[in-house]
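Visitor: Protein chains in written order, with the UniProt record's numbering: chain A, 1 to 410; chain B, 1 to 410; chain C, 1 to 410; chain D, 1 to 410.
There are 4 protein chains.
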Amino acid sequence: VNMSKGTVVLAYSGGLDTSCILVWLKEQGYDVIAFLANIGQDEDFDSARKKAENLGAKKVFIEDLRSEFVEHFILPAVQANAVYEDRYLLGTALARPCIARRLVQIAQKEQAEFISHGATGKGNDQIRFELTSYALYSDVKVSLVEKAKPVLFNSCLTVLTVSKNDIPLPITPKAPWSMDANLMHISYESGVLEDPKCSAPTDLYLMTKNPDEAPNVPDVLEIEFKNGVPIKVTNVKAGSSKDKPLEMFMYLNEIGGKHGVGRIDIVENRFIGMKSRGIYETPGGTILLQAHLDIETFTMDKEVRRIKQGLGIKFSELVYNGFWYSPECDFLLHCINKSQENVEGKVQLSVYKGQVYILGRESPKSLYNEDLVSMDKQGDYDPCDASGFIRVNAVRLQQKHRKWHKKYTK
Amino acid sequence: VNMSKGTVVLAYSGGLDTSCILVWLKEQGYDVIAFLANIGQDEDFDSARKKAENLGAKKVFIEDLRSEFVEHFILPAVQANAVYEDRYLLGTALARPCIARRLVQIAQKEQAEFISHGATGKGNDQIRFELTSYALYSDVKVSLVEKAKPVLFNSCLTVLTVSKNDIPLPITPKAPWSMDANLMHISYESGVLEDPKCSAPTDLYLMTKNPDEAPNVPDVLEIEFKNGVPIKVTNVKAGSSKDKPLEMFMYLNEIGGKHGVGRIDIVENRFIGMKSRGIYETPGGTILLQAHLDIETFTMDKEVRRIKQGLGIKFSELVYNGFWYSPECDFLLHCINKSQENVEGKVQLSVYKGQVYILGRESPKSLYNEDLVSMDKQGDYDPCDASGFIRVNAVRLQQKHRKWHKKYTK
Amino acid sequence: VNMSKGTVVLAYSGGLDTSCILVWLKEQGYDVIAFLANIGQDEDFDSARKKAENLGAKKVFIEDLRSEFVEHFILPAVQANAVYEDRYLLGTALARPCIARRLVQIAQKEQAEFISHGATGKGNDQIRFELTSYALYSDVKVSLVEKAKPVLFNSCLTVLTVSKNDIPLPITPKAPWSMDANLMHISYESGVLEDPKCSAPTDLYLMTKNPDEAPNVPDVLEIEFKNGVPIKVTNVKAGSSKDKPLEMFMYLNEIGGKHGVGRIDIVENRFIGMKSRGIYETPGGTILLQAHLDIETFTMDKEVRRIKQGLGIKFSELVYNGFWYSPECDFLLHCINKSQENVEGKVQLSVYKGQVYILGRESPKSLYNEDLVSMDKQGDYDPCDASGFIRVNAVRLQQKHRKWHKKYTK
Amino acid sequence: VNMSKGTVVLAYSGGLDTSCILVWLKEQGYDVIAFLANIGQDEDFDSARKKAENLGAKKVFIEDLRSEFVEHFILPAVQANAVYEDRYLLGTALARPCIARRLVQIAQKEQAEFISHGATGKGNDQIRFELTSYALYSDVKVSLVEKAKPVLFNSCLTVLTVSKNDIPLPITPKAPWSMDANLMHISYESGVLEDPKCSAPTDLYLMTKNPDEAPNVPDVLEIEFKNGVPIKVTNVKAGSSKDKPLEMFMYLNEIGGKHGVGRIDIVENRFIGMKSRGIYETPGGTILLQAHLDIETFTMDKEVRRIKQGLGIKFSELVYNGFWYSPECDFLLHCINKSQENVEGKVQLSVYKGQVYILGRESPKSLYNEDLVSMDKQGDYDPCDASGFIRVNAVRLQQKHRKWHKKYTK
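Laid out in structure tokens, this is it:
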């Protein structure tokens, strides 16, 4: 009689890598529970379930986390204007804690001591999975698949060969890059993309049209925000609208995708200090970022904005590095959410040929004051005050100049 | 005999406002020297000279500051990735200290005690002009035109009427907004644009084509950087290239303009605490910002980048607020310049329908290491190290979790 | 019949300057309401009331704001570890918004359109008074006493001479410096102290003993915190304790004063850009700062602490500059307060000869884990993990080294 | 014939732990070179050399790094006002890269592939040693002593017992805590100190007198700075002075030690996320920090100071975490050094009973302007400017107030 070494909950993707890991874990003597999260990727969940069962999973959990992903992860990132290194909208980084949280909940419910996943040791995702797991289930153990990889893949391929009648192996040659898809984005990296000077193939993108194939007529949207999150998206010409988070986000993906919005090709710095090249398409997220930036600046006090901008940058780094579930991220989420109290109103924008154009905005909470700012009206602003303001600001500069005479004017 | 009250150097634009100020200053008993800087705006400098002379300017200086503007103001801003409030590329804010510096030099050379300008008391430009002036010429006095404005404009219109045979008054009705143009951008504000929810008219833009009228074929550029500034811009298909700062920048404006790049419609926070709506087009600057962001991340250490990002944000605020000539901006310029030592290499990009797409990059100084990052090669990276790395990073999270058990996982 | 120009509420101190202002305002045709706040300064409030009445104040309000000052101003500053420019504990800056808030409330209740105060135009206090006033009562007008000062003092001295039988003028020669006293501190500046290289006279200090005259035996205190504020102060040897905010703070002042704690001599940067020399004694506040720093680091997550440290520095600048009542300070107060949730426990310290020595601390909420940190026990910390942690942290450094070989080691 | 596994350079302290490691490394088949740095600790270097030779070291290097430690590590930290978590002056953290740099230079010169040290896996020092080593010698390997420790200590004790006639084993019972001493400080931790609520024994401290045993008469020093570092220390009463970095620092240690300056008892956050309790005495460093803070604020522009304060905090974290030799620390050192250009002048201070009191300061480069700041003179400061300055600063606050009427004043 073979004693089980314990139960592992495996973050199963349905693909070759995690199928191999599933088989290998069984061979090593573990009971394996496969968990496959639907976070919006294009996947045949039924056949993935069958596959996992055929490969020997004791249980298979397939769960739709899409609404949770949008509401608890994407929307807080929108509030934060979360962008890593000025460009990356964090599509993968936001999905990982959402998946890992559920993974851990299943592990706890099923009294599994172990978790496992297919993320490689060189990337960010191993870190994101495992930090979340340790943070939420401090005694969990992570199966060290990494070490076993060379063995694993031989072993696994044998098994897969043996069982080949039952398991639909990918027949077509694998794309010469790897990708990660979810509701927010698809990322592409590795393979031919590793050469940072070679352009991405034009047929790479799956979520967005090439801008030159995009329609010649823009879509005009109105996005309404409350507390810094969208509550209604209206297609102005079509007259249709959405007001549930998941539906709104999917609709923004549809419009953004149709017009080729949100493609970037970047080199980024991984948490572990390597530079890597990634190509991303984030159609709906890009539209939301632009719209939120606009309504936020319109309604938020200038100095609160400056402080919050710094918190948002910090938040983005933490999310990228896998610290969504951490005391500091918790603290930042709280502070950022507080800053959004008056971020409310409507933004009009058009989406056209890869670009988002803000057209206008309005808000019951805006601090914008047309009378005050108008050059044609005095409002209650005395222009002489400006002279005093400037002279006081200049006191320091004049002191410096007198001390270091002619430093600049030579 | 009328004694002069002293000499004023007036930042003269050739337009109605500063023409009025010129006349009024003369009436007040000042000798007026008119200074008109060519910073790339579309202006008939000869007729402006004639106009100023006819209005009674004692001397008229018209100087081409375009190269200086590009080399000493725009390019340092490129090194800094200077963007105010996440969106505005600071086109006007960068031009002001360039103009004011020369204004002050002329005042010092001509032994003028006073300077004057046409910038209004509600905007940022009065502050930028005057802070620069005080910083570089601490004893200068600024003629307080502001208070006199109501009187000024009646008085001035009379004079202008009297001399109307000589001075070409603008005949066509003024555009229902105000604009500020230079080599880097054109800004549009006031008038009908003051209502933040009304879209800008489509015929507003002068530097950039409407994207829907832009060519259907992209231009592909290669921009070569050294020390964080462009040293060569090549049109890959045309095979032509530019390598002098002013020429490069003008060429980027041409390409960006042709493809409708760099348009934004924003509400921003002025230094004096008002929110104002501005529309900007910054074609060449937008291309350079994207290219510089790319080569910088490719060549700069991750942690240096984080620190430098913060310095760049601070720098942008200072420039916006008029503190280009200040000890702190001087310090930041030095630090940012230091950070650019290895920002060197070539970025390929395409420009199409309002958008800039990075295609690839290469650099002799890059810290990118294909072997290290490749998922297919181990390099000298031991995947087990990642587990240790993660577990140490998790120590703190586990502690917290043990202490605050089940806070998140409920 | 003389028509009143309106009603002014004057922040009255009982001293010569504001007495002059009171008289002058009356002469100008205002009805004057004198407001004198008790914020812990040493003052004969009854005779101040009489004096103001004799000088012609229509009403006199004297209010004890000490508890409010401690609870709503000093304690939030303790939570923030508020220190300006690394040294100044903000005693005056914290009192100003407390006084000005009440001033404004009285003005609103009494339907006064004007406020006035005696703070001079070169210091920070004018700014603090007036910013608070505008922030809380946007339509208030500030009587511009400043311009009238030369006239004012002649006029006023005449009046005071005339009425000299009734008003006790200061007889003793004024100290050759100015001071500002409240419950938190006394500041000394101006006069002979303006020379930054001359030592302060040893008889300057009124709140604290000279350390060489302080007792030769320390007092040992235990301060208990909850939510980052002290809830109980116990004198360990004496066995006595206090637990009301005002009483605790006064007791800490007593102990700190007795042992000469909290004296500093600094040059600081005023908001308006001048450097000024100030001497401060802040006995109780200094003890609380040290104790709070200790319990905070003991109970707060490391990374939350880093973020909060930055917020505290920003907060201190804002308070110094007079922005207590501002959207950004409001936001920071909220965030900082949130960070204090678990700042709870007891700190033991001794106070001796000008110094505070932390002796130990304990907390039910601490993240300190003796087992984990002990060099003698392994806890669940695997030392090999540290090697992995280090090697991953080194990836970036090695890359750099390989690229820039021998840069450092020559 | 036994083939060597290679050569290890061991950071040898002369104590039991590294003696054991030396023996164990030899047993494992390595050639061992012992390197002992003199960084100011109290040690019998001759007998340590003999001990290492007796234990089988192939070569022994003992080098005096004290001047280098002061000039290249301590003084840059003084420029930065380097303090970790508001309290710790980084004495150990600064010494590690100084030692490790030389260790690596020896390894390179001796063509050793390995380095080793005695720092434990739970502390910061392993990280500091190893990061420096990898940064300066990217291909170095670190002998993994850690794993072998249980074995190691048995094995080692046997050897030591065998060779006990030759090697003076410590006879007196080890102090019930561990300490690390160098020129800058002594740290105490572990053992009985691990209980954070127990006071440190009064006989713990070796560098500083107990304040109650310190002299009843202060020493008065004048410290002269140039470029932000001390260039002369004068005892004002004694009339003696020092002007070489090492001598100055040793003299400040002597004076600080005599008066009990620089003792702290803190809980700090280690890089690896544990909280640990440490007790430190840093006599000379504490005096220098206070003096530098004073002369810096006196001579540096206010806004440069704010930026530099942030850089200094970042620098302190990096040094604490072991990143002295990193691109980002290199960058910060450069920036901070630049900020010190005008940090020049003399600070007078007295040292008494554990405390440093600043008495005054003077500088040819100060931006302090007595005429400008004086309340008795107008200088060229127009008090009306202050009103304009305030009203412009209030624009934003009034807007907010009008919008959110009565939020604060209820």
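We put the CB at the ideal spot given by N, CA and C, even for glycine.
Pull out every residue of the stretch 357-375 of chain C whose Cβ sits closer than 8 Å to any Cβ of chain D, in chain order.
Guide: From the stretch 357-375 of chain C, only Y357, I358, L359, G360, R361, E362, S366, L367, Y368, N369, E370, L372, V373, S374, M375 have a Cβ closer than 8 Å to chain D.
Visitor: Please compile the residues from chain C whose C-beta is within a distance smaller than 8 Å of the C-beta of D:H401.
Guide: In the fourth sequence, counting from the first residue as 1, residue 401 of chain D sits at position 401. Y134, A135, L136, Y137, S138, listed in chain order.
Visitor: Sort C:N81, C:R49, C:A57 by Cα distance to C:V319 and report the nearest one.
Guide: Here residue 319 of chain C is taken as the residue at index 319 of the third sequence, counted from 1. Ranking the options by Cα distance to C:V319, first place goes to C:N81.
Visitor: State the CB to CB distance for the pair D:Y325 and D:P97, rounded to an integer number of angstroms; the pair is presumed to be in contact (CB under 8 Å).
Guide: Counting from one through the fourth sequence, the residue named residue 325 of chain D turns up at place 325. Counting from one through the fourth sequence, the residue named residue 97 of chain D turns up at place 97. Confirmed, about 6 Å.
Visitor: Hey, which unbroken runs of the alpha helix (DSSP H) at 4 residues or more fall wholly within the stretch 323-385 of chain A?
Guide: Segments of the alpha helix (DSSP H) lying fully in the stretch 323-385 of chain A: 327-339, 370-373.
Visitor: Are A:S13 and A:G123 close, meaning C-beta to C-beta below 8 Å?
Guide: Your numbering for residue 13 of chain A matches position 13 in the first sequence. Your numbering for residue 123 of chain A matches position 123 in the first sequence. Not in contact: A:S13 and A:G123 (Cβ atoms no closer than 8 Å).
Visitor: Taking DSSP as the reference, what is the three-state secondary structure of A:F225?
Guide: What you label residue 225 of chain A is simply residue 225 of the first sequence in a count that begins at 1. Here A:F225 sits in strand by DSSP.
Visitor: List in chain order: all unbroken beta strand (DSSP E) runs of 3+ residues lying wholly within the UniProt domain "Arginosuccinate synthase-like N-terminal" (8-142) of chain D.
Guide: 30-38, 59-64, 114-116, all fully within the UniProt domain "Arginosuccinate synthase-like N-terminal" (8-142) of chain D.
Visitor: Let me make sure I understand the geometry here. Which of B:L131, B:M184, B:G191, B:V8 has the alpha-carbon closest to that of B:K109?
Guide: If you number the second sequence from 1, residue 109 of chain B lands on position 109. Of B:L131, B:M184, B:G191, B:V8, the residue nearest in Cα terms is B:V8.
Visitor: With 8 Å set as the bound, which would you pick, yes or no: does the beta-carbon of D:S19 sit closer than that to a beta-carbon of chain F?
Guide: No chain F is present in this structure, whose protein chains are A, B, C and D.
Visitor: Helix, strand or coil: which one does DSSP assign to D:I255?
Guide: On the fourth sequence, residue 255 of chain D is found 255 positions in, with the first residue counted as 1. D:I255 falls in the helix class under three-state DSSP.
Visitor: According to DSSP, is C:P218 helix, strand or coil?
Guide: Mapped onto the third sequence, residue 218 of chain C falls at position 218. DSSP places C:P218 in coil when its eight states are reduced to three.
Visitor: Using the beta-carbon of each residue, which ones in chain A are nearer than 8 Å to B:R266?
Guide: Taking the second sequence and counting its residues from 1, one reaches residue 266 of chain B at position 266. This sequence places Ile at residue 266 of chain B; Arg is not what is there. Here the neighbours are D294, T297, I358.
Visitor: If I measure Cβ to Cβ from B:I264 and keep anything under 6 Å in the same chain, skipping five residues before and after, which residues do I get?
Guide: Indexing the second sequence from 1 puts residue 264 of chain B at position 264. Closer than 6 Å at the Cβ level, and outside the excluded window around B:I264, lie R87, Y280.
Visitor: Report the CB separation of C:E222 from C:P230 in whole angstroms; it is logged as a contact under 8 Å.
Guide: The residue labelled residue 222 of chain C in the question sits at position 222 within the third sequence. The residue labelled residue 230 of chain C in the question sits at position 230 within the third sequence. No, C:E222 and C:P230 are not in contact; Cβ-Cβ is about 10 Å, not under 8 Å.
Visitor: Listed from N- to C-terminal order along the chain, which residues in the stretch 386-397 of chain A have their beta-carbon within a distance smaller than 8 Å of any beta-carbon of chain D?
Guide: Listed in sequence order: A386, S387, G388, F389, R391, V392, N393, V395, R396.
Visitor: So, with DSSP's three-state summary, where would you put D:N182?
Guide: The count along the fourth sequence starts at 1 and reaches residue 182 of chain D at position 182. Looking at D:N182 - three-state DSSP - the assignment turns out to be coil, as it is neither helix nor strand.
Visitor: Any contact of the stretch 174-185 of chain C with the stretch 32-44 of chain C, i.e. 3+ C-beta pairs under 8 Å?
Guide: As far as the Cβ criterion goes, the stretch 174-185 of chain C touches the stretch 32-44 of chain C, which means the pair count is three or higher.
Visitor: Nearest-angstrom Cα distance between B:F249 and B:V70?
Guide: Residue numbering aside, residue 249 of chain B sits at position 249 when the second sequence is read from its first letter. Residue numbering aside, residue 70 of chain B sits at position 70 when the second sequence is read from its first letter. If I take the Cα positions, the gap works out to 7 Å.
Visitor: Is A:Y251 near the ligand ZN, in the sense that its beta carbon is under 7 Å from a heavy atom of that ligand?
Guide: Among the components of this structure there are no ligands whatsoever, and the ligand ZN is therefore not found.
Visitor: Taking the alpha-carbon of D:I295 as reference, which of C:F331, C:I266, C:N321 has the nearest alpha-carbon?
Guide: Here residue 295 of chain D refers to the residue found at position 295 of the fourth sequence. Of C:F331, C:I266, C:N321, the residue nearest in Cα terms is C:I266.
Visitor: Might you give, ordered along the chain, the residues of its own chain that have their beta carbon closer than 7 Å to the beta carbon of C:D17, omitting 5 neighbours on each side?
Guide: For the purposes of this step, residue 17 of chain C is identified with residue 17 of the third sequence, where counting begins at 1. Around C:D17: G118.
Visitor: Relative to the alpha-carbon of C:V32, which residue among C:S4, C:E85, C:G15 has its alpha-carbon at the smallest distance?
Guide: Stepping through the third sequence from its first residue, residue 32 of chain C is reached at position 32. Among C:S4, C:E85, C:G15, the Cα nearest to that of C:V32 is on C:S4.
Visitor: Just how far apart, CA to CA, sit D:D212 and C:E213?
Guide: In the fourth sequence, counting from the first residue as 1, residue 212 of chain D sits at position 212. In the third sequence, counting from the first residue as 1, residue 213 of chain C sits at position 213. Rounded to whole angstroms, D:D212 to C:E213 spans 13 Å at the Cα level.
Visitor: Within its chain, find whatever has a CB closer than 7 Å to the CB of B:E43; leave out the 5 residues flanking it on each side and keep chain order.
Guide: Against the second sequence, residue 43 of chain B aligns to sequence position 43. So the qualifying residues of the chain are G14.
Visitor: Under the three-state reduction of DSSP, which class applies to A:Y320: helix, strand or coil?
Guide: Sequence index remark: in the first sequence, residue 320 of chain A carries index 320 (1-based). Three-state DSSP puts A:Y320 in a helix.
Visitor: Just the Cα atoms here: how many angstroms apart are A:V347 and A:Q309?
Guide: Taking the first sequence and counting its residues from 1, the one referred to as residue 347 of chain A is at position 347. Taking the first sequence and counting its residues from 1, the one referred to as residue 309 of chain A is at position 309. Going by the C-alpha atoms only, they are around 20 Å apart.
Visitor: Determine the chain C residues that contact A:V304 at a beta-carbon separation under 7 Å, and present them in chain order.
Guide: Here residue 304 of chain A refers to the residue found at position 304 when the first sequence is read from its first residue. Those are P327, E328, F331, listed as they occur along chain C.
Visitor: Output, in chain order, the set of chain B residues within a Cβ distance shorter than 9 Å of C:Y381.
Guide: On the third sequence, residue 381 of chain C is found 381 positions in, with the first residue counted as 1. Chain B residues near C:Y381: R391, V392, V395.
Visitor: Which chain B residues are close to A:G354, counting only those with a beta carbon under 7 Å from its beta carbon?
Guide: Indexing the first sequence from 1 puts residue 354 of chain A at position 354. Within 7 Å Cβ-Cβ: K353, Q355.
Visitor: Rounded to whole angstroms, what's the CA-CA distance from C:T299 to D:G273? Just pull it up for me.
Guide: In the third sequence, the residue the question calls residue 299 of chain C occupies position 299. In the fourth sequence, the residue the question calls residue 273 of chain D occupies position 273. C:T299 and D:G273: Cα-Cα distance of roughly 13 Å.
Visitor: Rank D:S138, D:G256, D:E63 by C-alpha distance to the C-alpha of D:L289 and give the top, closest one.
Guide: Here the question's residue 289 of chain D lines up with position 289 in the fourth sequence. Looking at the Cα atoms, D:G256 is the closest of the given residues.
Visitor: Less than 8 Å between CB atoms is the rule here; does D:C335 satisfy it with respect to chain A?
Guide: Indexing the fourth sequence from 1 puts residue 335 of chain D at position 335. Closer than 8 Å: no.
Visitor: Give the secondary structure of C:Q190 by DSSP, where H, G and I count as helix, E and B as strand, and everything else as coil.
Guide: By one-based count along the third sequence, residue 190 of chain C stands at place 190. First, the residue type needs correcting, since residue 190 of chain C is Ser and not Gln in the sequence shown. Note: C:S190 maps to coil in three-state DSSP.
Visitor: On a CA-only basis, which of B:A238, B:S187, B:E194, B:R361 is nearest B:T208? Give me that one, please.
Guide: What you label residue 208 of chain B is simply residue 208 of the second sequence in a count that begins at 1. Out of B:A238, B:S187, B:E194, B:R361, B:S187 has the C-alpha closest to the C-alpha of B:T208.
Visitor: Between the Cα of C:A77 and those of C:A100, C:A95, C:R361, C:R128, spot the shortest distance and give me the residue it belongs to.
Guide: Stepping through the third sequence from its first residue, residue 77 of chain C is reached at position 77. Ranking C:A100, C:A95, C:R361, C:R128 by Cα distance to C:A77 puts C:A95 first.
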